[in-house]
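J.:
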Amino acid sequence: PVGAVIRDTRSSGPPARTTMAMASLRPRASGRASSRAARSVRARGFLGSPENLAVCTSTAIFLAAGRFGLAPSANKPAGLPGMKLQEVDSGMTSGDPAGFTAVDVLAFGSLGHAFAIGVVLGLKAQGSL
């Protein structure tokens, strides 16, 4: 009820008054409830959408590039001719024959997602998506 009196047993002062909104507890008309149930929210950009395909493809490409040695990883630094790099043990081990670690998966997955964001935003800016 609006203006209900709440008694606090810890204090000896006068009872506190509060106002409660009761609109959410009122019974609703059946017509309004049925029209509300008829409305639904549709999510664009879900499985199979162009956005989803761009993210999956770019992430898979970056993960494959790291796994098969086309990009430097934690255990295989970039070795360009003319550079005097030393092999440093990162201390990370994995059961993967190529030495692909969890850090590599997170790094290349992040790069793939970042690249996909650029692709999706660029295509949306062009109006192609």
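For the sequence shown, the residue numbers in the working numbering are 36 to 164.
Glycine residues also receive a C-beta, built at the ideal position from the N, C-alpha and C atoms.
Helix, strand or coil for P85, going by three-state DSSP, please let me know.
T.: Numbered from 1 along the sequence shown, position 50 holds the residue referred to as residue 85. Helix.
J.: Which residues bound the alpha helix (DSSP H) around Q161?
T.: Here residue 161 refers to the residue found at position 126 when the sequence shown is read from its first residue. From DSSP, the alpha helix (DSSP H) with Q161 extends over A137 to Q161.
J.: If you draw a straight line from the C-alpha of F173 to the C-alpha of S93, how long is it?
T.: The first residue shown for the chain is 36 and the last is 164, placing residue 173 beyond what the model contains.
J.: By a C-beta neighbour count over all protein chains shown, 10 Å radius and 16 as the cutoff for buried, is S84 buried or exposed?
T.: Here residue 84 refers to the residue found at position 49 of the sequence shown. Flag for S84 reads exposed.
J.: Taking 8 Å as the cut-off, decide whether the C-beta atoms of A142 and G104 are in contact.
T.: Here the question's residue 142 lines up with position 107 in the sequence shown. Here the question's residue 104 lines up with position 69 in the sequence shown. Result no, Cβ atoms of A142 and G104 do not sit closer than 8 Å.
J.: Quick one: is L88 buried, meaning 16 or more other Cβ sit within 10 Å of its Cβ, or exposed?
T.: Here residue 88 refers to the residue found at position 53 of the sequence shown. The residue is exposed, with fewer than 16 neighbouring Cβ atoms inside 10 Å.
J.: Under a three-way DSSP split, which group does L98 fall into?
T.: The residue given as residue 98 occupies position 63 in the sequence shown. It is helical.
J.: Starting from the C-beta of R158, find all residues in its chain whose C-beta is less than 7 Å away, skip the five residues before and the five after it, and write them out in chain order.
T.: Here residue 158 refers to the residue found at position 123 of the sequence shown. With the sequence shown as reference, residue 158 is identified as Leu, and Arg is not the correct amino acid for it. Same-chain partners within the cutoff: L164.
J.: Please report how far the alpha carbon of Q121 lies from the alpha carbon of Q161, in whole angstroms.
T.: The sequence position of residue 121 within the sequence shown is 86, counting from 1. The sequence position of residue 161 within the sequence shown is 126, counting from 1. Approximately 45 Å, taken between the alpha carbons.
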